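**Q**
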Amino acid sequence: MHSRTLPYLLILPVTVFLGVFFLYPFVLVAQQAFTTGAGFTFDNFTKVTTHWKFPTSFKNTLLLAAAVVPVQLALALLMATMVTNMKKGRDLVLYVWTIPLGISDLAAGIIWLAIFEQSGFLNSMMQGLGFIEQPTNLISYQSPMLVFVAIALAEIWRATAIMLVILVAGIGLIPKEYYEAAEVFGAGPWKRFTRITLPLLRPSLSTALVLRVILAFEVFAVVQALGGTLFPVLMGETYKYQFELLNGGAAAAIALIILVISIAATLVILRVLRVPKGASI
Amino acid sequence: MAEIEIKNIAKSFGNYQALHNINLTIHDQEFMVLLGASGCGKSTLLRIIAGLETATSGEVWIGGRRIDHLSPKDRGIAMVFQNYAVFPHLTVFENIGFGLRMQKLPNAEVERRVHRTAELMHIEQLLKRYSGELSGGQRQRVAVARALAMEPDVILMDEPLSNLDALLRMEMRAELKGVLAESKTTAIYVTHDQVEAMSMADRISVMHQGRIAQNSSPVEVYRNPSEKFVAGFIGNPPMNFLPATEVSKGQWSVAGCQFSGPEAHSGAIDFAIRPEDLSPADTGIAAIAKVVEPLGAHLLVTCDVEGHLFRAVLDSDLALRAGDTIHLAPQQDRIRWFDQNTTQAICLS
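Chains as they are written, first to last, in this note's numbering: chain P, 2 to 282; chain L, 1499 to 1847.
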């Protein structure tokens, strides 16, 4: 086998796979979004963006991402630092912390619904302890803030571990000698974290953030389980257009809008966390 | 004034005793080399002085102040690491200025000190680069500059030259020695390389199995090793040993030759001589040449003397082939004697 053609031959299967199952459907979706049966048009986009629910679902999606991702980042960094500094039982703790990753997002939503609903754990516990007279409906249109908090909590619980595992791997790649040098030259624990760990973790941070932000824009099942129609998000609207209003063109248009937001966010993250040439470990 | 006193330092990792009651005084502005094979505890001792490792017992004093309970930054030390530990995400300038920034010195002072030390280490032209764009030798210079910029009382160096190629190492050796002498700091330098130790040190502490085997000037360590380990460790090729048997008071027979040695010593003793202190003669120790290696300046001859390995460094003009028998006469005043049981050197009174 000619050594020049071999690499291309080896990546051929995955290229075909991606082409058939990702690129082709993507082209179909784009085609659907830009046509209504009478050639190229922006009608689908006009229709979905001028709908009264669009600004709300757009705002909700961004707000949720803005509330959840930074908290997850901070938590994941804290947890990763703790795990890295553990001498014993490190793997066990890591496994336990990543359990929520193994639970589907709809199931996660239902678990948190079981906590927050009128006959849920939280109400029973508060009542049992005598804090409240009788169970109240926490998740209702009268308390939008609580709905938001419940969804954010469920998302944080469910998806922090994906960042955690990436950051733990990243921290493991930083040679110990840098920390020792920093310590000798006067950096305390906090300075070592901000001056050594964070900058050297940039490649892992950007991977984790890109992954997490994209997933945050696609949030659906948890919101559906906890908020239902109380808290519309973009992905929920896509679902509704596709399966309730049977308008594939409009659904495709929203899907493309989510894609554009995701790409924009990715570019910003990559730009902010880029490592200058020659400055990597 | 930064005299370092190490008092009764011991360190164990679990059941393994890495250091046994080390006592050592390093004078102000002295260049002390801790020399030993890997695993002898020399790096552990350095890390205890630096504060990167905690001693199981004992005290460390610098400049009359007990420092072993202080964090590294409060000890008045700077360190050069084996793998340089030049921060990859910072420019050379920020690397050299790292410690100064941590001390929150004003910008102007940071700039002054960075430029001064960069000039000293000949790396001014690299200040804007990242470590990924530097060669090993340049990184080494940055690491030294970073330590010097702190203007510390004590500089600790952990095998700083071991990752450089031979030629660069020789160059840096001389340069480091000059720069450190000028900076008037006390230096502790850890190495396994005896040439480095001999050429740079004011004093050498040879370490072996967590103990200091000998602590004296390079020449003294070379000429008068305190025990067999030191004699075998220092010098390339190392010292030769042959068993001696007493003939009469103060007279010892070694491989058929008679030498005057220690009087009244109980127990078996070894005769020792450095390979370069031997010369071919008509009479002397009879040796069968096994391997003859011309090294240019000298001829290294590996011989067999009554079943014992025996090396001689001889004049390169000598016509000698493997299998030849040669008589080697040791230089009388260079002969040393060691107790076979205690392995300690025997002093001739």
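Using N, Cα and C, we set each Cβ at its ideal position, and we do this for glycine too.
Note that the structure is predicted; figures quoted are calculated from it, not measured.
#1: Quick one: give me the first and last residue of the alpha helix (DSSP H) that Met1670/L is part of.
#2: Does the segment 1771-1787 of chain L come close enough to the segment 1798-1815 of chain L to have 3 or more Cβ pairs within less than 8 Å?
#3: Should Leu201/P be flagged as near chain L, meaning a C-beta pair shorter than 8 Å?
#4: In chain order, what residues of the same chain lie with their CB nearer than 7 Å to the CB of Ala1616/L, ignoring the 5 residues before and after it?
#5: For Arg1721/L, name the three-state secondary structure that DSSP assigns.
#6: Output the boundary residues of the beta strand (DSSP E) element that contains Gln1756/L.
#7: Leaving out five residues before and five after Val84/P in sequence, what residues of the same chain have Cβ atoms less than 7 Å from its Cβ?
#8: Which one of Thr99/P, Thr42/P, Ile258/P has the shortest CA to CA distance from Val166/P?
#9: Tell me where the beta strand (DSSP E) around Thr1800/L begins and ends.
#10: Output needed for Leu1678/L: all residues of its chain with C-beta closer than 6 Å, excluding positions within five of it in sequence on either side, in chain order.
#11: Rounded to whole angstroms, what's the CA-CA distance from Ala280/P to Gln1636/L? Just pull it up for me.
#12: Anything in chain L within Cβ reach of Val273/P, meaning under 7 Å, just list it in chain order.
#13: Alpha carbons only, please: which of Lys241/P, Leu202/P, Ala265/P, Ser207/P is nearest the one belonging to Phe221/P?
#14: Can you look up Leu126/P in the DSSP assignment and give me helix, strand or coil?
#15: For a cutoff of 8 Å on Cβ pairs, would you count Val15/P as touching chain L?
#16: How should Cys1845/L be labelled, buried or exposed, when 16 other C-beta atoms within 10 angstroms of its C-beta is the threshold for buried?
#17: For Phe1596/L, return the contacting residues in chain P, with the cut-off set at a CB-CB distance below 9 Å.
#18: May I ask which residues mark the beginning and end of the alpha helix (DSSP H) holding Ala265/P?
#19: Considering only their Cβ atoms, is the gap separating Leu102/P from Arg203/P smaller than 8 Å?
#20: Does any residue of chain L have a CB that is nearer than 8 Å to the CB of Ile172/P?
#21: Pick out whichever of Gly1759/L, Gly1634/L, Leu1618/L, Met1655/L has its Cα sitting closest to the Cα of Leu1665/L.
#22: Quick one: using the 10 Å Cβ neighbour count with 16 as the cut-off for buried, is Met126/P buried or exposed?
#23: Going by DSSP, what residue range makes up the beta strand (DSSP E) through Ser1642/L?
#24: What does Gln1712/L reach in chain P if we use C-beta pairs closer than 9 Å?
#25: Work out the CA separation of Val1652/L and Asn1661/L for me, nearest whole Å.
#26: Whole alpha helix (DSSP H) runs in the segment 26-82 of chain P with 4 or more residues, listed along the chain?
**A** Well, looking at it:
#1: 1664-1681
#2: yes
#3: Contact with chain L is found for Leu201/P, since one of that chain's Cβ atoms lies less than 8 Å from the residue's Cβ.
#4: Ile1594, Glu1622, Leu1625, Ala1643, listed in sequence order.
#5: Shown here, Arg1721/L sits in a helix according to DSSP, grouped into three states.
#6: 1755-1758
#7: Arg91, Val94, Leu95, Val169
#8: Thr99/P
#9: Residues 1796-1803.
#10: Ala1685
#11: Rounded to the nearest angstrom, the two C-alpha atoms are 15 Å apart.
#12: Within chain L, no residue comes near Val273/P; the closest Cβ sits about 14 Å away, beyond 7 Å.
#13: Lys241/P
#14: Before going on, a small fix: residue 126/P reads as Met here, not Leu. Three-state result, Met126/P: helix.
#15: no
#16: exposed
#17: Ala182, Ala183, Phe186, Gly187, Ala188, Arg196
#18: 249-273
#19: no
#20: no
#21: When only C-alpha atoms are compared, the closest one is Gly1634/L.
#22: exposed
#23: Here residue 1642/L is Val; the residue named in the question, Ser, does not match the sequence. Not the beta strand (DSSP E): Val1642/L falls in the alpha helix (DSSP H), residues 1634-1647.
#24: In chain order: nothing, as chain P lies at least about 29 Å away.
#25: Answer to the nearest angstrom: the Cα atoms are 23 Å apart.
#26: 44-51
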